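Protein chains in written order, with our numbering: chain L, 33 to 236; chain W, 191 to 815. We put the beta carbon where it would ideally sit given N, CA and C, even for glycine. All values derive from a computational prediction rather than experimental measurement.
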């Protein structure tokens, strides 16, 4: 397979800020003079439903969507949605997963609890051993708002040193795209996510 | 989202990450378009939305028209005076506008006029996946198809240029994966919008009575001959890749082109690629030459075999020996759904006998194992959504003894359990008309459920029909004071215009009264018992009745509270909760979850709408304090 491209899948629930996170990655890539495509889904699909955005970086990239098995990084904003996007993963994929669970309405309707995390991690392991679980809610709360969990994940992503984008470009893109009064809080969220993964000293 | 003022950046050669739709908006600014009209619809909405935010600064006129045909009428009126104009709509919007567009092609325009139609292969946010390139054939209008944001901007300018050269409107056709893809866009120069023109009276040209239409049809056909010449030399139609062997060629356009290129690379094909950006009229001579140069030509296009039909017609006369593969005689590619690099690669592999370099079947099987028990997460009504309250109220009052014609909007999500409201839904505004036929044919209690924006868009003629023909139906207008599904655009009931200035609200209840409806009530759907009474009375009424259920969209209400710094205190279950699951079973609110057999209210999702308090039989839900 081609190695001159870098593919990121962002998988979550409508309202979690996957679109903004994808746009930040794309903006940072353009800032560095890279070619990039970001795919988004708007409208009806966003209403609390499963949403997938993709970011593809590389000179020859044209299609905005990613081939099965070809993600370099899968950012799971929610555990069930991480599993739902495993079709993009393979042994090379780094899975960066939030521990923030959002119960799908189908579970409530069947009066069922959320599936246990061990089972979810086991499923991810069938595709890749490179898993990092991030306590996004805790870190975002520490930064000032649980709404900044998407930015926590971007900080965590930067700490893996996998993405071909410099940290300062990512932070500049965060500053440019979040509402001006929430810039400091989001930069904090980015830093907390970054430090969290750095402290883990994992090699992925 | 980026500050829309980014679009006003006056540095040519600046490279910015833009959504395809934002790139079209930038193209409009570079082309000096003076009038932009729209009716919002996914995946087209951000074109006009981004213009709306900056229209006053940019010095152009923008409006959210009441529907797509009015949007085209307003813009065409301006373009007939020499003003440059653009109208944006989703694919099905062009059905609504088509009556105007078909004959506007005869009358033509003086100022350049672009009609953007955003198609939605895969129905991500639509009721069908029609291929609007056929409107170009049907209307005899030129059509351009960008494949990425840069081209979306560039082709907006090209469309204006062609439009003025031919004095015809030009269609710019995108798909979801063009409109909703972000990519780098290099800016050109901004132009000053030309906002004022002159209406030159010319009955023969502009009044389409039969005596004038007949000669104008000929004029249109002649213009299309000229358009063919433009297409032959258009920089948007060209061979972007040459093969060594000249054996194999690929013709493609739009988003399919991106997949075709990557799929050819994936398989390591030695194929040349003819990329078509102007797909009506096609560059026939260019295609003829291309066909003659190759032994086999593969047509890669999403949805209908629009290119394939025409390329085969050219081949029959000019290059009968070439083997053309696509989706017509043998279905190497599907006609339904959106493409991906994999879908295209599979088709190319079958045609060329090449092997895919990755065992995608193995990935699929492995994925099927891990995903088989995964709970589905379809889109649902948000926590705190007033539609949930409205549909619950109606269900509570009538039980299963009613038929519900529903409509296009968030409330269509009410078809999901436990609300199950919605028995027929076809297109914008159809609830009111179909309810009348159902009521006539069954004598059952029949409801038409329609949103505020949809009511203004296409509901009013149906309403008048119900009054005049005395159809016994209950029309429920779910007025959440915005066009919610498409991103909260204003409509005539909101008191805000596309220029972000204030206007006098058109009240739905006054419209209904003015149309002659005798039973009209406005209720707050969160007041369950009052609403129940109104529904009962409406059902008793001998003719058509109108109930306006008015409460703001929860997303807007929460956003407003947040911006004012008002904390939303989520509700909690108290120790009186018996976990009877009534709230879960009746409402299906995403903030209500079950953890280890116990009801839990998700504090990050709960908006404190209080609907669950109304349904709890044990009064076991309360405030935070």
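Beta-carbon neighbours of residue i, restricted to chain W and to distances below 7 Å
i: residue 137 of chain L; result: 570, 778 and 780
i: residue 99 of chain L; result: 531 and 532
i: residue 145 of chain L; result: 784, 785 and 786
i: residue 96 of chain L; result: 367 and 371
i: residue 140 of chain L; result: 774, 782, 783 and 784
i: residue 67 of chain L; result: 374
i: residue 175 of chain L; result: Neighbours of residue 175 of chain L on chain W: none; closest Cβ ~15 Å, over 7 Å.
Buried or exposed (CB count within 10 angstroms, at least 16 for buried), residue i
i: residue 752 of chain W; result: exposed
i: residue 233 of chain L; result: exposed
i: residue 33 of chain L; result: Because the pLDDT at residue 33 of chain L is just 49, under 50, the model does not fix this residue reliably, and the point stays unresolved.
i: residue 390 of chain W; result: exposed
i: residue 235 of chain L; result: exposed
i: residue 150 of chain L; result: exposed
i: residue 407 of chain W; result: exposed
i: residue 815 of chain W; result: For residue 815 of chain W, the predicted model reports a pLDDT of 48, less than 50, meaning its position is unreliable; a value from the coordinates is still stated below. Looking at its Cβ environment, which holds fewer than 16 other Cβ atoms inside 10 Å, residue 815 of chain W is exposed.
i: residue 300 of chain W; result: buried
i: residue 280 of chain W; result: buried
i: residue 681 of chain W; result: buried
i: residue 113 of chain L; result: buried
i: residue 647 of chain W; result: buried
i: residue 85 of chain L; result: buried
i: residue 221 of chain L; result: buried
i: residue 808 of chain W; result: exposed
i: residue 588 of chain W; result: buried
i: residue 768 of chain W; result: exposed
i: residue 207 of chain W; result: buried
i: residue 157 of chain L; result: exposed
i: residue 312 of chain W; result: buried
Start and end residues, beta strand (DSSP E) containing residue i
i: residue 785 of chain W; result: 782 to 785
i: residue 370 of chain W; result: Unbroken run through residue 370 of chain W: none, as it is neither H nor E.
i: residue 324 of chain W; result: First-last for residue 324 of chain W: 323 to 329, but that is the alpha helix (DSSP H), not the beta strand (DSSP E).
i: residue 254 of chain W; result: 251 to 254
i: residue 690 of chain W; result: Run containing residue 690 of chain W: none; DSSP gives neither H nor E here.
i: residue 106 of chain L; result: 105 to 108
i: residue 207 of chain W; result: 205 to 209
i: residue 79 of chain L; result: No beta strand (DSSP E) holds residue 79 of chain L; DSSP gives it neither H nor E.
Host alpha helix (DSSP H) of residue i (start-end)
i: residue 551 of chain W; result: 550 to 561
i: residue 616 of chain W; result: Element bounds for residue 616 of chain W: n/a, residue is neither H nor E.
i: residue 350 of chain W; result: 339 to 356
i: residue 88 of chain L; result: Careful: residue 88 of chain L lies outside any alpha helix (DSSP H), inside the beta strand (DSSP E) at 82 to 89.
i: residue 379 of chain W; result: First-last for residue 379 of chain W: undefined, no H or E at that position.
i: residue 58 of chain L; result: 50 to 63
i: residue 116 of chain L; result: 111 to 116
i: residue 583 of chain W; result: 576 to 588
i: residue 496 of chain W; result: 496 to 508
i: residue 149 of chain L; result: 149 to 157
i: residue 531 of chain W; result: 531 to 542
Proximal chain L residues relative to residue i, where beta-carbon distance stays under 9 Å
i: residue 206 of chain W; result: 59 and 62
i: residue 561 of chain W; result: 115, 116, 118, 119 and 155
Interface residues of chain W facing residue i [CB-CB closer than 8 Å]
i: residue 46 of chain L; result: 569
i: residue 111 of chain L; result: What residue 111 of chain L touches in chain W: nothing, since even the nearest Cβ is about 11 Å away.
i: residue 180 of chain L; result: Correct list: empty, because the minimum Cβ distance to chain W is about 12 Å.
Under 9 Å from the C-beta of residue i: neighbouring residues of chain W
i: residue 129 of chain L; result: Those do not exist, as residue 129 of chain L stays about 14 Å from chain W at its closest Cβ, beyond 9 Å.
i: residue 200 of chain L; result: Correct list: empty, because the minimum Cβ distance to chain W is about 17 Å.
i: residue 158 of chain L; result: 556, 559 and 560
C-beta neighbour in chain A for residue i, strict 8 Å
i: residue 701 of chain W; result: The structure shown contains no chain A; the protein chains it does contain are L and W.
Beta-carbon neighbours of residue i, restricted to chain L and to distances below 7 Å
i: residue 553 of chain W; result: 100, 101 and 119
Does the stretch 281 to 299 of chain W come into contact with the stretch 254 to 263 of chain W, if we say contact requires no fewer than three beta-carbon pairs (one atom in each stretch) closer than 8 Å? yes
Just list the alpha helix (DSSP H) runs in the stretch 187 to 222 of chain L, keeping only unbroken ones of 4 residues or longer that don't cross its boundaries, in chain order. 199 to 209
Does the stretch 341 to 350 of chain W come close enough to the stretch 361 to 374 of chain W to have 3 or more Cβ pairs within less than 8 Å? yes
Counting beta carbon pairs with one atom in the stretch 419 to 431 of chain W and one in the stretch 460 to 469 of chain W, are three or more of them shorter than 8 Å? yes
Pairing CB atoms from the stretch 570 to 579 of chain W with CB atoms from the stretch 482 to 495 of chain W, are three or more of them under 8 Å? no
I'd like the ranges of any beta strand (DSSP E) spanning at least 3 consecutive residues and lying wholly in the stretch 386 to 466 of chain W. 427 to 431, 438 to 443 and 461 to 466
Segment contact, 8 Å Cβ cut-off, at least three pairs: the stretch 194 to 209 of chain L with the stretch 133 to 141 of chain L: no
Would you list, in sequence order, the uninterrupted beta strand (DSSP E) runs of no fewer than 3 residues that lie entirely inside the stretch 211 to 265 of chain W? 225 to 228 and 251 to 254
Per the contact definition of three or more C-beta pairs closer than 8 Å, is the stretch 491 to 508 of chain W in contact with the stretch 542 to 560 of chain W? no
Examine the Cβ distances between the stretch 653 to 663 of chain W and the stretch 619 to 638 of chain W and report whether three or more of them are shorter than 8 Å. yes
Check whether the stretch 224 to 233 of chain W touches the stretch 396 to 403 of chain W, taking contact to mean three or more Cβ pairs, one atom from each stretch, closer than 8 Å. no
Pair every Cβ in the stretch 663 to 679 of chain W with every Cβ in the stretch 738 to 754 of chain W, then say whether three or more of these pairs are closer than 8 Å. yes
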